[in-house]
Amino acid sequence: MQTRRRIFDDLAKVANSAAGTFAGLKDEIEALVRQRLEVALNNMNLVTREEFDAVKAMAIKARQEQEKLEKRVAKLEGGGKRSKPAAAANPAKNKAAAKKKAAAKKK
Numbered sequence: 000m001q002t003r004r005r006i007f008d009d010l011a012k013v014a015n016s017a018a019g020t021f022a023g024l025k026d027e028i029e030a031l032v033r034q035r036l037e038v039a040l041n042n043m044n045l046v047t048r049e050e051f052d053a054v055k056a057m058a059i060k061a062r063q064e065q066e067k068l069e070k071r072v073a074k075l076e077g078g079g080k081r082s083k084p085a086a087a088a089n090p091a092k093n094k095a096a097a098k099k100k101a102a103a104k105k106k
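Numbering (numbering that gives the first Met the number 0), first residue to last: 0 to 106.
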């Protein structure tokens, strides 16, 4: 009986040391895979989250400025349309300008 107990104790020690070895091996494999993935991702020229967020903020700001400028241009163009009816109010000038254009086309 003593020898059987001793054999079971030895087997338990071997199993415990094997489990510890496998746990260490698991940690080493994870570290190696993580390192290889980092190298592969760095070679792909991918952007980091911080860079992406910075460019996204710049794009949002540019979009807001563009919309602001579009409104300003629309307002300025709207002001230009108001002056056209004033020019149309003087038909004599318009007829003279039309005659000059027609004469220039004939030449």
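Where is the CB? At the ideal position from N, CA and C, for every residue including glycine.
Annotation: residue 55 to residue 32 spans about 31 Å, alpha carbon to alpha carbon.
For residue 61 and residue 76, the gap between their C-alpha atoms comes out near 22 Å.
Secondary structure at residue 2: helix, using DSSP grouped into helix, strand and coil. Taken through DSSP and simplified to helix, strand or coil, residue 42 comes out as helix. In this structure, the CA atom of residue 1 is about 11 Å from the CA atom of residue 8.
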